[in-house]
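Inspection log for the structure reproduced underneath, given as structure tokens.
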Amino acid sequence: MIISVTCSQKWESAAHKSDMNNSAINMTINNSYAFTAVNDRFLQLDSRPHAPIPTATLREAMGLVDASGVADLFVEWATEDGKAVRATRLSARQVLAVWVALGLAQREATISNVTSALSQHLTPARRRALGLTDDFSKHSPEQVARMVRRATSALTDVMDAFPTSTRGRRLTKGEWDGGLAERASSSVELEQRRRRFVVFANRLLEAQHKAAAVSDPQRGVSIVADSRFRSAGVRGVGQRRMDALGDTELVSLEPDAGFWVQDPTGADRRARYGWEDELAVLISSDPDQPRSVPNIVIGFNPHLPSSGFATAAAEMLHDIAGRGAGLDHVVLDRAYMATRPDVLRTPLMNLGVKLVADYPTNRLGVQAVSGAGILVDGTWYAPSLPVELQNAGKESASVSGGAALSDRMEAAKVLKKKVAARAEFSRQHPRAADVSDRDEQFYPYKSEQWNKLYGMGRGAFETYAAALSRTEQNRPGRRRMRGATALAFFGLLEVVGTNARILEDFRAAQQRPRTRRVVLPPLVPAVSAPVSRESSDCRPKRPRRSIVMCPAFGAMTTYPSIKREAGN
Numbered sequence: 000m001i002i003s004v005t006c007s008q009k010w011e012s013a014a015h016k017s018d019m020n021n022s023a024i025n026m027t028i029n030n031s032y033a034f035t036a037v038n039d040r041f042l043q044l045d046s047r048p049h050a051p052i053p054t055a056t057l058r059e060a061m062g063l064v065d066a067s068g069v070a071d072l073f074v075e076w077a078t079e080d081g082k083a084v085r086a087t088r089l090s091a092r093q094v095l096a097v098w099v100a101l102g103l104a105q106r107e108a109t110i111s112n113v114t115s116a117l118s119q120h121l122t123p124a125r126r127r128a129l130g131l132t133d134d135f136s137k138h139s140p141e142q143v144a145r146m147v148r149r150a151t152s153a154l155t156d157v158m159d160a161f162p163t164s165t166r167g168r169r170l171t172k173g174e175w176d177g178g179l180a181e182r183a184s185s186s187v188e189l190e191q192r193r194r195r196f197v198v199f200a201n202r203l204l205e206a207q208h209k210a211a212a213v214s215d216p217q218r219g220v221s222i223v224a225d226s227r228f229r230s231a232g233v234r235g236v237g238q239r240r241m242d243a244l245g246d247t248e249l250v251s252l253e254p255d256a257g258f259w260v261q262d263p264t265g266a267d268r269r270a271r272y273g274w275e276d277e278l279a280v281l282i283s284s285d286p287d288q289p290r291s292v293p294n295i296v297i298g299f300n301p302h303l304p305s306s307g308f309a310t311a312a313a314e315m316l317h318d319i320a321g322r323g324a325g326l327d328h329v330v331l332d333r334a335y336m337a338t339r340p341d342v343l344r345t346p347l348m349n350l351g352v353k354l355v356a357d358y359p360t361n362r363l364g365v366q367a368v369s370g371a372g373i374l375v376d377g378t379w380y381a382p383s384l385p386v387e388l389q390n391a392g393k394e395s396a397s398v399s400g401g402a403a404l405s406d407r408m409e410a411a412k413v414l415k416k417k418v419a420a421r422a423e424f425s426r427q428h429p430r431a432a433d434v435s436d437r438d439e440q441f442y443p444y445k446s447e448q449w450n451k452l453y454g455m456g457r458g459a460f461e462t463y464a465a466a467l468s469r470t471e472q473n474r475p476g477r478r479r480m481r482g483a484t485a486l487a488f489f490g491l492l493e494v495v496g497t498n499a500r501i502l503e504d505f506r507a508a509q510q511r512p513r514t515r516r517v518v519l520p521p522l523v524p525a526v527s528a529p530v531s532r533e534s535s536d537c538r539p540k541r542p543r544r545s546i547v548m549c550p551a552f553g554a555m556t557t558y559p560s561i562k563r564e565a566g567n
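Start counting the sequence shown at 0; every next residue gets the next number (numbering that gives the first Met the number 0).
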């Protein structure tokens, strides 16, 4: 139902009307997105780029850093690299807490905002929350900015697997080739640094998940894993053009990024330049209660677009499995099931997860055969399974390609009947050879339980990805920090901030009191038997009108909804 509410006042001059139109709260609300628009406007006012970070947010960020233990890891890693760890006015722990606070407060992650939090907006309460000394306020903003850059560089250097000679300008082709040769000579050390960043990111997300106390520590967590593209904010150079460049010609400002093709087989084919982040979004283990846990990210691993995503997912899932009670359900899309079994499928089987995954069309049907049965669409059945039931998934996928909606619905109905008929032939089967490691899953493909869990998982990930894209605060083109590791660090801060907003909404929904005590009468009275003319109850009764409160001023109206404004 769409409600039209108009709150207006009479103004004596055109200037007053202009002030009304330019005010922070729009006084005319006449569409179904009115409540969302007002809420978004208040959010924009509260998240101004130069607004002070609340002291409570700084305390929360400091508690998150301490609970994760990453500050001690930085000291340990610097010692392993042979770097001297000296006491400074601004430690890695303190500057990291301010960076995390920017993410929690939905501020733009820039050096200038960190500097403002530690200089112009530094009050005694905020100084105590960060553990700074009393004389820290005596430093000028320029001195604080230098300390912030130095401390942040010390953080990222121990995790930087993509070093270059300089970040202040674009490299020439000759300089880039020389840098690649130096990386090849120290590949073992750089791989260790890459793993350090994965550990750092997942320790921070683990601490946020545990502090939220939204999952049972005695039960394994269920997640949906997928990749999300993250733009580099600069133009890329393709491989063919890169090979044709001379030694003095310039490469991209972010030469470590790669191209990601959106809709590669469709008409809207478009290439973008950046990285992909492997994300593990928390979901409920019970598909009948999808809102029992908040859909936050508890795993993070960056990689090049469309390259190494299965390896990154396996590394991330192995880290999550080492926390608490391990993993329960894991939802994957068809791209992961098309990879080699030793990369992702076999490690997942060794972890004992309940896999719920889709298959590419060419992987449907009979997937393996043994002496005790046949593997069809991820489930073992008796050898006597009829041929029409063996090819049910493949036939349905062929119809779902570009057929009409009516044909797709009919194919779905037929598949549902065939999946139910296949249940009579299912049987337990011992772990087979490695040929079936990438095809087996926990529930029968396209069964009712499979549809619930897979649909819940995919919906949770797409919703989170949309929220992350909509509220993205970091603007790559405005940053002074460059490099794959620094931009992955900023991407992690976006995830932490999005998690905080989702947790806040989840707690508000859990604590919202139920004020309705009685059942309201229907809007349209029920049809009753005709009443005699002599009866006194034959007076016409007007239907109850809806009462809506204007979100801007709290005024009430009794105007009924107007259906013709449904297109507004």
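Ideal Cβ placement from N, Cα and C applies to all residues, glycine included.
If we ignore side chains and look at the alpha-carbon of each, how far apart do A211 and A180 end up?
When rounded, the distance between both Cα atoms is 45 Å.
How should E79 be labelled, buried or exposed, when 16 other C-beta atoms within 10 angstroms of its C-beta is the threshold for buried?
Flag for E79 reads exposed.
Terminal residues of the continuous alpha helix (DSSP H) containing G173?
First-last of the alpha helix (DSSP H) with G173: 172 to 184.
Using the DSSP secondary-structure output, state which residues sit across from T378 in a beta bridge.
The partner list for T378 (beta bridge, DSSP) reads V375.
Which residues in the same chain as A116 place their Cβ atom closer than 6 Å to its Cβ, once the five residues preceding and following it in sequence are excluded?
So the qualifying residues of the chain are I52, V97.
From G173 to M158, what does the alpha carbon distance come to, in whole angstroms?
Straight-line Cα distance between these residues: approximately 25 Å.
Report the option in K416, K445, S395 whose CA atom is closest to the CA atom of D406.
For D406, the nearest C-alpha among the options comes from S395.
From the DSSP output, in three-state form, read off E248 for me.
If DSSP states are grouped into helix, strand and coil, E248 belongs with coil.
Within its chain, find whatever has a CB closer than 6 Å to the CB of A100; leave out the 5 residues flanking it on each side and keep chain order.
Hits under 6 Å: I52, T56, L57, A60.
When the Cα atoms are used, what is the spatial distance from T155 to P346?
If I take the Cα positions, the gap works out to 30 Å.
Taking Cβ to Cβ, would you say R295 is nearer than 8 Å to V220?
Here the sequence assigns Ile to residue 295, which means Arg is not the residue at that position. Contact flag unset, no.
Mind listing, in chain order, the continuous beta strand (DSSP E) runs of no fewer than 3 residues lying wholly within the segment 207 to 284?
Fully enclosed beta strand (DSSP E) runs of 3 or longer: 220 to 230, 257 to 261, 269 to 282.
Quick one: is G130 buried, meaning 16 or more other Cβ sit within 10 Å of its Cβ, or exposed?
It counts as exposed.
Leaving out five residues on either side along the sequence, give the residues of the same chain with a beta carbon under 7 Å from the beta carbon of D246.
Closer than 7 Å at Cβ, skipping near neighbours: T171, K172, G173.
List the whole-angstrom C-beta distance separating G490 from P301, where the pair is believed to meet the contact cut-off of C-beta under 8 Å.
Confirmed, Cβ separation roughly 7 Å.
Would you please state the rounded distance, in angstroms, between the beta carbons of D70 and R92? I believe it to be under 8 Å.
Before going further, note that residue 70 is Ala rather than Asp in the sequence given. That belief holds up - the Cβ atoms of A70 and R92 are roughly 4 Å apart, short of 8 Å.
Between Q191 and S184, what straight-line distance do the alpha-carbon atoms span, to the nearest angstrom?
Cα to Cα, the separation comes out at about 14 Å.
Quick one: grab the DSSP three-state call for G298.
In this structure, G298 counts as strand in the three-state DSSP scheme.
Looking only at C-alpha atoms, which of G351, S468, V365, A224 sits nearest to E493?
That would be S468, whose Cα lies nearest to the Cα of E493.
Report buried or exposed for R544, applying the criterion of at least 16 other Cβ atoms within 10 angstroms of its Cβ.
Per-residue confidence for R544 stands at a pLDDT of 48, beneath the threshold of 50, marking its modelled position as unreliable; no derived number is given.
Less than 8 Å between the C-beta atoms of A256 and A231, yes or no?
Going by C-beta atoms, A256 is nearer than 8 Å to A231.
Compare the C-alpha of R240 against each of D504, P254, P382, S111 and name the closest.
Out of D504, P254, P382, S111, P254 has the C-alpha closest to the C-alpha of R240.
For F441 and Q217, I'd like the C-alpha separation in whole angstroms.
Whole-angstrom Cα-Cα distance: 21 Å.
Kindly indicate which three-state DSSP category A367 falls into: helix, strand or coil?
Three-state DSSP puts A367 in a strand.
Going by DSSP in three states, D156 sits in which element: helix, strand or coil?
The answer is helix: DSSP assigns D156 an H, G or I state.
Measure the alpha-carbon distance for I319 versus V292 and round it to whole angstroms.
Roughly 17 Å separates the two Cα atoms.
Could you pull the DSSP bridge partners for V355 from this structure?
Answer by DSSP bridge pairing, in chain order: V330.
Determine which residues share a DSSP beta bridge with S425 and list them.
DSSP, once it has assigned bridges, lists Y380 as partnering S425.
With distances taken from CA atoms, which of V187, V198, R127, R457 is nearest S283?
Considering only alpha carbons, the answer is R457.
Taking one C-beta from the segment 376 to 393 and one from the segment 408 to 421 each time, how about it: are there three or more such pairs within less than 8 Å?
Result yes; three or more Cβ-Cβ pairs closer than 8 Å.
In whole angstroms, what is the alpha-carbon distance linking D438 and R195?
In a straight line, the C-alpha of D438 is about 32 Å away from that of R195.
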